Amino acid sequence: MLTESGCRERRRLLWERLPACDLIIISEPRNLFYLSGFLMNPTELSGWGLNFLLLSRTGECRLLHDNKVRSEAQAAFVDAREAWSWYDFGNSAPEKLGAAAAALAALLAARYSAARNVAVEAGHFPAAAGAGLAAAPVADAGAQLSAMRAVKFADELVCMRRAIRATEAGHLCARTALQAGRTELEVYAEVQAAITRAAGEPIVLLGDFAAGKRTESGGGPPTANVLRAGDLMIFDIFPVIGGYRADITNTLCVGPPTHSQQQHMLALQAAMLAAEGELRPGVAGAQVYAACRASLVAAGLGDAFPHHAGHGLGLGHPEAPFLVAHSTDTLQAGNVVTLEPGAYIKGWGGARIEHNYLITAGGFERLSHHQIGF
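One rule links them: number in the working numbering = place in the sequence shown (from 1) + 1017.
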């Protein structure tokens, strides 16, 4: 999990980015976690809704939360907690999001009426809560947090390494779960169980689990599609574990691969190696993409590569930096990125592979260690 020192340091850096403000209001759940360690469990009934972090120039950090997440609020690294009652098992509950906005408006009017230079996440702040402000917000904290989140802190990397280790267990399981006669859903269920056991907690499993003809379009969620000998199956597995993402991919074959399937996989591995050669601080995201694409073009697969070469990863997926043809991003030490060359051919099938990397001062560290290839 995130540490108290990490959360306090992130709050300090956010204030440096918003020097003219006297109040910052955070409402986006991932940013609440990033700045305070407050994380709602998505597998519980209480794991949704609006909660708020109010940061004062005085240094106080106050969490406003509904009464169903008291245990999560107690674990947060904040100076004060204030609960509003949503549902008490005795009375009908109001519409939750609107009630949360009203609770924030009331708190702002009662405690923060002197604030004149307020920053909010412009794309997430509930308009109804603005009634509690003496003046309209003047800055977008969301843009600043997006830039901050691109460079990972030490406690974030601990969370991400843990998520990646658990996801690797899913890839290992896939090698034995993949059998002719099974459905994609049956394989998915075994992979999910393996990751859950490795994580030691409930997870949210997202990903592409597509086999046979479905690989021609690059993937998709698992279905009742029955696996046949010779089918390729794309395993692009990106769970949410403890709030953070892993995103690692491999493609397997049901039974022995053909020569053309083996050559296809070798071309993807060569493209990944070419892109790895560009992973260092100061390199443009577009340059990483170009290296990946050039390798696939040389293998005759340029027209079969329709997507990015990779992207940033963390609390979000995808997030900056983006490794695409027209990227405006530049790699920085502390970025966590993916590389995921893929090629998909109508009437033949498709495959994709992917590793996760930490950009370091001297180049990169590969964070994922699952076996790539058939």
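Each residue gets a CB set at the ideal place from its N, CA and C atoms; glycine is no exception.
From a predicted model like this one, the values you see are computed outputs, not experimental measurements.
Where the beta strand (DSSP E) through residue i begins and ends
i	result
residue 1353	1353 to 1356
residue 1073	1069 to 1073
residue 1359	1359 to 1362
residue 1392	Within the shown structure, residues of the chain are numbered from 1018 to 1391, placing residue 1392 beyond reach of any answer.
Residue i, enclosing alpha helix (DSSP H) - first and last residue
i	result
residue 1046	1046 to 1053
residue 1383	Looking at the DSSP string, residue 1383 is not in any alpha helix (DSSP H); the run it does join, the beta strand (DSSP E), is 1380 to 1383.
residue 1193	1171 to 1194
residue 1368	It is not in any alpha helix (DSSP H) - residue 1368 instead sits in the beta strand (DSSP E) that spans 1366 to 1369.
residue 1030	1021 to 1034
residue 1313	1302 to 1315
Buried versus exposed call for residue i [16 or more other C-beta atoms within 10 Å across all chains shown]
i	result
residue 1382	exposed
residue 1242	buried
residue 1153	exposed
residue 1314	exposed
residue 1029	exposed
residue 1050	buried
residue 1264	buried
residue 1232	buried
residue 1355	buried
residue 1155	exposed
residue 1192	exposed
Three-state secondary structure assigned by DSSP to residue i
i	result
residue 1057	coil
residue 1343	coil
residue 1328	strand
residue 1283	helix
residue 1010	Nothing can be reported for residue 1010, as the shown portion of the chain is limited to 1018 through 1391.
residue 1372	strand
residue 1206	helix
residue 1079	strand
residue 1215	helix
residue 1295	coil
Chain C contact for residue i (CB, 9 Å cutoff)
i	result
residue 1290	In the structure shown, chain C cannot be found, because there is only a single protein chain.
3-residue-minimum beta strand (DSSP E) runs that sit fully inside the segment 1081 to 1159, ordered along the chain: Counting only runs of 3 or more, we get 1097 to 1101 and 1135 to 1137.
Segment contact flag, the segment 1174 to 1182 with the segment 1152 to 1164, C-beta cutoff 8 Å, min 3 pairs: Touching, no.
3 or more residues per run - each beta strand (DSSP E) lying fully within the segment 1217 to 1271: Every unbroken stretch of the beta strand (DSSP E) spanning 3 or more residues and falling wholly within the segment 1217 to 1271 is given here in chain order: 1224 to 1228, 1249 to 1254 and 1265 to 1270.
The segment 1264 to 1275 contacting the segment 1243 to 1255, beta-carbon criterion three pairs below 8 Å: Put simply, the segment 1264 to 1275 touches the segment 1243 to 1255. At least three CB pairs are less than 8 Å apart.
At least three beta-carbon pairs within less than 8 Å, the segment 1208 to 1219 to the segment 1283 to 1298: Cβ pair count under 8 Å is below three, so no.
Stretch-stretch touch, CB-based, cutoff 8 Å, three pairs: the segment 1072 to 1089 with the segment 1168 to 1177: Verdict: no, contact absent.
At least three beta-carbon pairs within less than 8 Å, the segment 1064 to 1072 to the segment 1035 to 1044: Output reads yes: the segment 1035 to 1044 touches the segment 1064 to 1072.
Touch test, the segment 1132 to 1139 against the segment 1030 to 1040, Cβ-Cβ under 8 Å, three pairs minimum: By the Cβ rule, the segment 1132 to 1139 counts as touching the segment 1030 to 1040, because three or more pairs are nearer than 8 Å.
Segment contact, 8 Å Cβ cut-off, at least three pairs: the segment 1279 to 1294 with the segment 1343 to 1355: The segment 1279 to 1294 makes no contact with the segment 1343 to 1355; the number of CB pairs closer than 8 Å stays below 3.
Three CB pairs or more closer than 8 Å across the segment 1096 to 1114 and the segment 1018 to 1034: With a cut-off of 8 Å, the segment 1018 to 1034 and the segment 1096 to 1114 do not count as touching, because too few Cβ pairs lie within range.
Segment contact flag, the segment 1215 to 1229 with the segment 1053 to 1065, C-beta cutoff 8 Å, min 3 pairs: Because the criterion of three Cβ pairs below 8 Å is met, the segment 1215 to 1229 and the segment 1053 to 1065 touch.
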